[in-house]
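Data block below; observations after.
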Amino acid sequence: MPYRPASYYDADLKIWSGGQLEYYFDPHLSIGEIIFHEMQRHSQLIAQISATENTILTRAELQANSMHIASYMRSLGLLQSDIVGIIARNTTHISAVVYACFFNGIAFHSLNISYEQSTIEKLFSITKPQIIFCDGDEFEKVRSATAQLDVKIITMRNHPSGSIRIDQVLTTPIEKNFQPVRLEQGNDQTLAILCSSGTTGIPKAVTITNSRQILNSSHSLTTNDVQYSHSSLDWITGLLTTVTSGVFSTKRIIADNIFDPEFFMRLVEEHQITWIIQAPSHMAMMVNSPAFTTCDLSSLRYYLFGGSRASVETQHRIRSRLSKDCLHFAYGFTELGSMAALNFHFDEKPNSVGRLVAGVKLKVTCEKGESLGPDEVGELCLWNGQFWAGYYGNPEETHKMRDPQKWFHTGDLGYVDEDGFIYIVERKKDMLKYQNIMYYPNDIESVIAKMPDVAEVCVFGVWNEINGDEATAAVVKKRGSALTAQDIVNYVATQIDAKYKQLNGGAIIVDDLVRSPNGKTNRMANKAYFLEGKSSGK
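Quick note: the sequence shown uses our numbering, first residue 941, plus one each step.
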């Protein structure tokens, strides 16, 4: 069987390319215009089911709600240059808020509900939203964070007294002969502003355009598909699910609870979910759940995961419960606004993030900026040929991320093999040095992950003035396991000969790893937790 997606290599330029990008809609239409017309075309189909709020909306009802909210925004005099803030869970009416923004050509800036007040204040002071949609749970925090802004705050659930409620907004009369606007800047106009993951510092406000690149791997979706993603709108996968559900008229299942593996597995069976995109940490929670061995995942035909690594063992266990070979790693990053690569060939290339998708090019560069060939490790740089407005209000960081030739510098170290499959070695900033010898924590993580009693692992460096970065591991053991920290240290010693890759800083057993709001394992935070315990003598 030939490898897919199609991949091409220019040996002279040392550049890999995906296939030709195909457009299925009029290229002049905005995302909002496409969704508006598709809602009219499939008006009686079920658009959304909330598994936690027990609500069901047809596409006609969702479109009407979106027009009510869009008309409310128009009544306030909001312009296409204005910003709408969002800091909310996946509740019944949040999709209508998003589609209302799309219909009005107004970008929304979405933040994670777990952000501290100081982070909310910093980010919203950059974009200065005119109105903010937030859950009542975060109302006081958001109100305090935006005290210096002239902003209306609308609550989506658990409404505190004195707030504007979403159901009040939904009573706004729909503007006569309502139509979505034409974008003043065309499809280069900003669609949404998300946040960088924050694993390497304070989150930045990442702009996403109306470009069709976000649809580049979703054209096989049909009205028969049922989609689910636990991600909220501050994460690219949450935006992707919201956009593709609107464009391809799928049924979308939502939930506003904390991720619960048993709840999720019941959802798949109850609603016959066909498409999911998931964080590897959630996969690890699933396979470590007692319900996993009897769960029915047979309805799934697209099981995408990304954002970080999933061990080969976890992937094998997930695949054992699927009726189709549909578990695929999706590699990308928020700034690109889409997936960059997909791995459809787990059996042949289990450790690869896959091949480039259509419309994307890749080169691997050394520290001098020179391009490298197959099987040579360097920084992965990606190009999608699309306009990017950069980090909102931060030209300095924008120029660091994307060079004048429009190449994104990912900060990921990796290589491409002779078959065009991409491999991630580690993030550039995760490089550690022990007695001046460089190494990557993932080298040790991959060894520890093979231990039968290990569910998840995070390795980080603890510095001292003699050795430099001493590798240290935080490990989540499997349910019922008697694994000890010393067992882990001893195991690494039997599997790795190099002194600098030993767990010279030791190991700890934890109930769960510390994660960023989007579910990624946060190496810096796990290190901080370890050091805090060490200083307190725990």
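No residue lacks a Cβ here, since even glycine has one placed at the ideal position from N, Cα and C.
So what does F1400 bridge to, in DSSP terms?
The secondary-structure analysis by DSSP pairs F1400 across a beta bridge with T1412.
Spell out the partners DSSP gives S1260 in its beta bridges.
DSSP lists no partner for S1260.
Cα separation between L1207 and S1239?
Each residue's CA atom was taken as its position, placing L1207 and S1239 some 11 Å apart.
Locate the alpha helix (DSSP H) running through Y1012, then write down its first and last residues.
Annotation: the continuous alpha helix (DSSP H) that includes Y1012 extends over 999-1015.
Give every residue of the same chain whose Cβ lies closer than 7 Å to the Cβ of A1425, excluding the five residues on either side of it in the sequence, and list them in chain order.
Counting only Cβ-Cβ distances below 7 Å, and skipping sequence neighbours, we find G1446, A1447, I1448, I1449.
Skipping 5 residues on each side, what residues in its chain have a beta carbon closer than 6 Å to that of E1358?
Taken in chain order, the residues that qualify are P1314.
The stretch 1338-1346 touching the stretch 1375-1387, judged by at least three CB pairs closer than 8 Å
Contact between the stretch 1338-1346 and the stretch 1375-1387 is absent, because fewer than three Cβ pairs lie under 8 Å.
Find the nearest neighbour of F1043 within the set T1130, E1319, V1293, judged by alpha-carbon distance.
Taking the Cα of F1043 as reference, the smallest distance to any Cα among T1130, E1319, V1293 is reached at T1130.
At the 7 Å Cβ level, is D1393 part of the contact set with chain C, yes or no?
Of the protein chains in the structure, only one exists, and it is not chain C.
Are the Cβ atoms of A1280 and V1300 separated by less than 7 Å?
Inclusion of A1280 and V1300 in the CB contact set at 7 Å is warranted, their separation being smaller than that value.
Should A1087 be labelled buried (16 or more other beta-carbon atoms within 10 Å of its own) or exposed?
With a 10 Å radius around the Cβ and a threshold of 16 neighbouring Cβ atoms, A1087 comes out exposed.
Are the Cβ atoms of L985 and S1189 separated by less than 7 Å?
Yes; because the gap between Cβ atoms is below 7 Å, this pair is in contact.
Can you grab the Cα-Cα spacing for the pair V1146 / F1284, in whole Å?
One C-alpha to the other measures close to 29 Å.
DSSP beta-bridge partners for H1049?
Its beta-bridge partners are G1025, I1133.
Cα-Cα separation, A1270 to R1105
Roughly 37 Å between the two C-alpha positions.
Span separating the alpha-carbon of Q1153 from that of S1278
The alpha-carbon atoms of Q1153 and S1278 are separated by roughly 6 Å.
Decide yes or no for the touch test of the stretch 1005-1013 against the stretch 1032-1047: beta carbon pairs closer than 8 Å, at least 3 of them.
Yes: at least three Cβ pairs fall under 8 Å.
What do you reckon, are the CB atoms on M1225 and P1201 nearer than 7 Å?
In contact: M1225 and P1201 (Cβ atoms closer than 7 Å).
Should T1139 go down as buried or exposed, given a rule of 16 or more other Cβ atoms within 10 Å for buried?
Residue placement at T1139 cannot be trusted, given a pLDDT of 47 that sits under 50; the coordinates are not used to answer.
Residues of its chain near A1465, where Cβ-Cβ distance is below 6 Å and the 5 sequence neighbours each way are ignored:
V1454.
Can you check DSSP and say which residues form a bridge with Y1380?
Bridge partners of Y1380: none, in fact.
For the alpha helix (DSSP H) containing M1279, list its first residue and its last residue.
Segment 1278-1282 is the beta strand (DSSP E) holding M1279; no alpha helix (DSSP H) there.
State the beta-bridge partners of S1475 as determined by DSSP.
BP columns for S1475 are empty, so no partner.
C1074 lies in the beta strand (DSSP E); which residues open and close that run?
1071-1074 is the extent of the beta strand (DSSP E) around C1074.
Start and end of the alpha helix (DSSP H) containing K1340?
Where K1340 is concerned, the enclosing alpha helix (DSSP H) stretches over 1335-1341.
For a quick check, are the C-beta atoms of I1194 and N994 less than 7 Å apart?
The Cβ atoms of I1194 and N994 do not sit closer than 7 Å to each other.
Go ahead and label N1458 buried or exposed: buried means 16 or more other beta carbons lie within 10 angstroms of its beta carbon, across all protein chains shown.
N1458 is buried by the Cβ-count criterion.
Whole-angstrom distance between S1103 and Y943, CA atom to CA atom:
Whole-angstrom Cα-Cα distance: 55 Å.
Integer Cβ distance of K1373 from D1409, believed to fall under 8 Å:
Right, their Cβ atoms sit about 6 Å apart.
With DSSP as the reference, label L1179 as helix, strand or coil.
Note: L1179 maps to helix in three-state DSSP.
N-terminal and C-terminal residue of the beta strand (DSSP E) that K1092 is part of
That run of the beta strand (DSSP E) goes 1092-1095.
So what does K1373 bridge to, in DSSP terms?
Beta-bridge pairing links K1373 to M1378.
Mapping DSSP to helix, strand and coil, what is T1139?
Per-residue confidence for T1139 stands at a pLDDT of 47, beneath the threshold of 50, marking its modelled position as unreliable; no derived number is given.
Leaving aside the five residues before and after T1177 along the sequence, list all residues of the same chain whose C-beta is less than 7 Å from its C-beta, in chain order.
Around T1177: S1169, S1171, I1217.
Would V1297 pass as a contact of L1276 if the rule is Cβ separation under 7 Å?
Taking 7 Å as the Cβ cut-off, V1297 and L1276 do not qualify as a contacting pair.
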